[in-house]
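Just below is one structure, and these are the notes that go with it.
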Amino acid sequence: MIMSRAQFLLNLYRYVYALKKLGRRGWVRKSFLKCPETVAAHSYGVGLIAMLLSDMKGLNTEKVLRLALLHDLTESIVGDLVPGEVSENEKVRREREALEEILFHLPAGIRKRYLELWEEYIRGGSNEALLVRDVDKLDMALQA
Numbered sequence: 027m028i029m030s031r032a033q034f035l036l037n038l039y040r041y042v043y044a045l046k047k048l049g050r051r052g053w054v055r056k057s058f059l060k061c062p063e064t065v066a067a068h069s070y071g072v073g074l075i076a077m078l079l080s081d082m083k084g085l086n087t088e089k090v091l092r093l094a095l096l097h098d099l100t101e102s103i104v105g106d107l108v109p110g111e112v113s114e115n116e117k118v119r120r121e122r123e124a125l126e127e128i129l130f131h132l133p134a135g136i137r138k139r140y141l142e143l144w145e146e147y148i149r150g151g152s153n154e155a156l157l158v159r160d161v162d163k164l165d166m167a168l169q170a
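So, in structure tokens, the structure goes:
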């Protein structure tokens, strides 16, 4: 069944909306917060800080923002996995499957590009990916 663009966007928004409600589990488990920040709030912080630092460093800021927006999208399906719950390989496998599900109805070229960007983030395969990975940790430290 071919999905219209409007249907796809509504479907995608369900994943995005889930991140707005999904509390970051590490804060709940380690600090026993009753109302932790959401994954969406964290992703916004990562995006903004990464954008500013990218511009200051002269990196490809468009790519940095794409990486920042994609980096936690999979958590809308797999949840916010806390380190040690599953192996790193298992975490990456689950997240890749989730991203493929989320992006399934996109045109093949765009889907491939987003999957490649996400994999680049996971590997730390570019200066932009390394920046977003560092900012992901920085945002958590600032939140603490």
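Residue numbering for the sequence shown follows this note's numbering, beginning at 27 and increasing consecutively.
Ideal Cβ positions, reconstructed from N, Cα and C, are used throughout, including at glycine.
The structure displayed is predicted, hence computed values, not measured ones.
- Per DSSP, reduced to three states, the secondary structure at threonine 100 is coil, with no helix or strand assignment.
- In the pairwise beta carbon analysis, the segment 108 to 123 is classified as not touching the segment 67 to 74: fewer than three pairs are separated by under 8 Å.
- Nearest to arginine 92 by alpha-carbon distance, out of Met82, Ser69 and Lys83, is Ser69.
- Taking C-beta separations shorter than 6 Å and ignoring five residues to either side along the sequence, the partners of alanine 44 in its chain run Ser102, following chain order.
- Our two residues, valine 158 and glutamine 33, have alpha carbons roughly 30 Å apart in a direct line.
- With respect to the 7 Å criterion, asparagine 153 and leucine 85 are classified as neighbours on the basis of their beta carbons.
- Remark: C-beta atoms of leucine 129 and threonine 100 do not approach each other more closely than 7 Å.
- The Cβ atoms of glutamate 146 and alanine 155 lie closer than 7 Å to each other.
- A straight line joining the alpha-carbon of methionine 166 with that of aspartate 106 spans about 13 Å.
- Per DSSP, reduced to three states, the secondary structure at serine 152 is coil, with no helix or strand assignment.
- In the three-state scheme derived from DSSP, where H, G and I count as helix and E and B as strand, asparagine 37 is classed as helix.
- Per DSSP, alanine 170 lies in no alpha helix (DSSP H) segment and is marked neither H nor E.
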